[in-house]
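Note that the protein sequences, when read in sequence, are chains A and B.
According to full-length UniProt numbering, the first sequence is numbered sequentially starting from 1.
According to full-length UniProt numbering, the second sequence is numbered sequentially starting from 1.
Number of protein chains: 2
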Amino acid sequence: MIDRVSGVPAYRQVASDLRNKIQAGQYAAGDKLPSERQLIVDYGVSRITIREAIGLLRAEGIVTAEHGKGLYVRAGVSVVRLSRSRLSRAARQDNQAFFLGDAEANAFKPTVQTTVRIEEAGLEHADALGIEPGSPVLVRDRVMSADGVVVQLATSRLPRDLTEGTQIEQGDTGAGGIHARLEEAGVVLHHHRESVATRMPTAEEAVLLQLPPGVPVLAVRRTTYDTTGRAVEVNDMTLVGNRYELVYDIPAD
Amino acid sequence: MIDRVSGVPAYRQVASDLRNKIQAGQYAAGDKLPSERQLIVDYGVSRITIREAIGLLRAEGIVTAEHGKGLYVRAGVSVVRLSRSRLSRAARQDNQAFFLGDAEANAFKPTVQTTVRIEEAGLEHADALGIEPGSPVLVRDRVMSADGVVVQLATSRLPRDLTEGTQIEQGDTGAGGIHARLEEAGVVLHHHRESVATRMPTAEEAVLLQLPPGVPVLAVRRTTYDTTGRAVEVNDMTLVGNRYELVYDIPAD
DNA sequence: TAGTGGTCTAGACCACGGG
DNA sequence: CCGTGGTCTAGACCACTAT
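Right, here's the structure in full:
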């Protein structure tokens, strides 16, 4: 099974062979692969070599290992499409409300843990909000779960002078969320700017989001501006990469 | 250095220790880490254990290995911001022209390889284009490089009946690209819909994009609609995750 | 109890890079 | 040439899952 003279490392040959079998449907999503010990016999290589091959497939996100059970072809996860063009005043909702509406549309049980605190703006966030470093900012940290599984982290930061005395500083911001409260306070929102990047999770995110190896995250920073061009909120969101798809509509002219 | 009774695997302890030192600035971006053999001595564990620890850091994308040279803290790459709200008719540019303009703005030397072919629509693309499976589609494959490094793959698909006899079926689509040629042919574009997801690269993408382990890709599907609501183009783009950031502007109302 | 993956060891030889 | 990471071996014991 393994070509010893090709120059291609044995573990890559094993990985390719298994990958091909998976893609050809010989092993379907959710199927169990042969055990490591069986693969040792099948391919005639050592256990370390097999484990390195499996390691590749796990890093690619197409195989998962379950301790004491076996190796499985990763089942496709249901992807949630988030339409980002629905941040309009008419469909008023902050990210939390967004998430709750999304839950309804996709039939999962949502839970949100919120913590609120005040901190001094660091260089990065001061720059993003256009305020002086060291100025007080209100920070809202949210951990969002679907059916008990954490799927999204979000941290909003607003200049404290906009939020003092408003419901924004409470755990529950009320109907319409942060944005509705801001407009009640006289801030007229003009537009949002979303910046989307991807990266592998940090060690802490991997724990919080219960991420298996080989699943990247989407890092979205949404900055909200009012009609005077001032940034009134910076929301940093981290989404499990294999569960979300962000949809944007762009006019052609 | 290693706590043998904590229950935390040795390789994780080694990885955490190195990660902390990197984040604390003890090893800066581009710095060389101690060699594997040195780490064996430093931590008092076997080479396999050290390699497993390094493997974690590589999967996280914070360390790279250079054969014959050593281990290095991955240097931050310059991120290219792509403003996606500039697909307007005024700033007419197909993705290739987009890429060329982007190159100018970011001072890198762009090259684009294009191949054109005709295929029968599969189920997925037929669905995306709203045509019958098996209908002929024009496929434009593009490999885009910056300073010789492949940074983006793009595959456009259009119903053949829209492109027959136009310059769209040539390698060079001319000024303004695909979209300008479509409008010349009487197709009035209305809007684009971009769907953004992230995943680990396939084995082929990893080779084409020369991706080191631990770097995910952004998968963007841009569908362009005309004023009759018909999908006229589906463009599947694959972007190197640690080099791109997509920026979208969303009106507040 | 049996089988699974998780961790770990002490070696070996190879291929690459730079002096 | 020597030091580097890359690949590979033949074991070992542990923790977890299921029967």
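We put the CB at the ideal spot given by N, CA and C, even for glycine.
Computed from a predicted structure; not experimentally measured.
Is residue j closer than 8 Å to residue i when the C-beta atoms are compared?
i                      : j      : result
A:S195                 : A:R221 : yes
B:V187                 : B:D226 : yes
residue 263 of chain A : A:L138 : The question about residue 263 of chain A has no answer, for chain A in this structure spans 1 to 253.
A:L33                  : A:V73  : yes
A:A219                 : A:T238 : yes
A:T224                 : A:L246 : no
B:N242                 : A:R199 : yes
B:I48                  : B:L71  : no
B:L209                 : B:V240 : yes
A:V232                 : A:L158 : yes
B:P133                 : B:A121 : yes
A:I62                  : A:I22  : yes
B:Y244                 : B:V79  : yes
A:S85                  : B:I131 : no
A:D253                 : A:T155 : no
Tell me which same chain residues have a C-beta within less than 7 Å of the C-beta of residue i, skipping the five on either side of it?
i                      : result
B:A59                  : P213, G214
residue 302 of chain A : Any property of residue 302 of chain A remains undetermined from this structure, which presents chain A solely from 1 to 253.
A:Q13                  : I2, D3
A:H191                 : Y225
B:E169                 : V116, L138, T163
B:T166                 : R181, A185
B:E66                  : Y72
B:A126                 : E132, P133, S135
A:P81                  : First, the residue type needs correcting, since residue 81 of chain A is Arg and not Pro in the sequence shown. Taken in chain order, the residues that qualify are E245, V247.
What three-state label does DSSP hand residue i in the structure shown?
i      : result
A:E60  : coil
A:A173 : It is Thr, not Ala, that sits at residue 173 of chain A in the sequence shown. The answer is coil: DSSP assigns A:T173 none of H, G, I, E or B.
B:D249 : strand
A:Q210 : coil
B:E132 : coil
B:K69  : coil
A:K32  : strand
A:T49  : helix
B:Q26  : coil
B:I235 : Sequence inspection shows Asn at residue 235 of chain B; the Ile mentioned does not correspond to that position. If DSSP states are grouped into helix, strand and coil, B:N235 belongs with the strands.
A:E205 : helix
B:V215 : coil
B:A146 : strand
B:S16  : helix
B:I178 : helix
B:T163 : helix
A:V8   : coil
A:D94  : Since pLDDT at A:D94 reaches only 48, below the 50 mark, its modelled position is unreliable, and the value read off the structure follows with that caveat. Three-state result, A:D94: coil.
B:A126 : helix
A:R243 : coil
Which same chain residues, not among the five before or five after residue i, have their C-beta less than 6 Å away from its C-beta?
i     : result
B:L56 : A15
B:D94 : With a pLDDT of only 49 at B:D94, under the threshold of 50, the placement of this residue in the model should not be trusted; the figure read from the coordinates follows. Cβ neighbours of B:D94 beyond the five flanking positions: G177, I178, H179.
A:L39 : I50
So, is residue i buried or exposed, given that buried needs 16 or more other C-beta atoms within 10 angstroms?
i                      : result
A:E52                  : buried
A:G30                  : exposed
A:A197                 : buried
B:V150                 : buried
residue 256 of chain A : In the structure as shown, chain A starts at 1 and stops at 253, and residue 256 of chain A therefore has no counterpart that could be examined.
A:T173                 : buried
Which residues in the same chain have their Cβ closer than 8 Å to the Cβ of residue i, if we skip the five residues on either side of it in sequence?
i      : result
A:E205 : L153, L211, V217, T238
A:G44  : M1, I2
B:R37  : R47
B:D42  : M1, P34
Report task. Compile a chain-ordered list of the residues in the segment 51-73 of chain B whose CB is closer than 8 Å to at least one CB of chain A. Result -> Correct list: G55, A59, E60, G61.
Check: When Cβ atoms are compared, which residues of the segment 210-222 of chain A fall closer than 7 Å to chain B?
Finding: If the cut-off is 7 Å between Cβ atoms, the segment 210-222 of chain A has P213, G214, P216, L218 near chain B.
| What are the residues of the segment 189-204 of chain B that lie near chain A, defined by any Cβ-Cβ distance shorter than 9 Å? | Residues of the segment 189-204 of chain B that bring their beta carbon within less than 9 Å of a beta carbon in chain A comprise L189, H190, H191, H192, R193, E194, S195, V196, A197, T198, R199, M200, P201, T202, A203, in sequence order.
message = Under 7 Å, CB to CB, which of the residues in the segment 234-249 of chain A have a partner in chain B?
response = Of all residues in the segment 234-249 of chain A, G241, N242, E245, L246, V247, Y248, D249 have a Cβ within less than 7 Å of some Cβ in chain B.
Interfacial residues, the segment 145-161 of chain A to chain B, with Cβ spacing under 7 Å = Here the close residues number zero.
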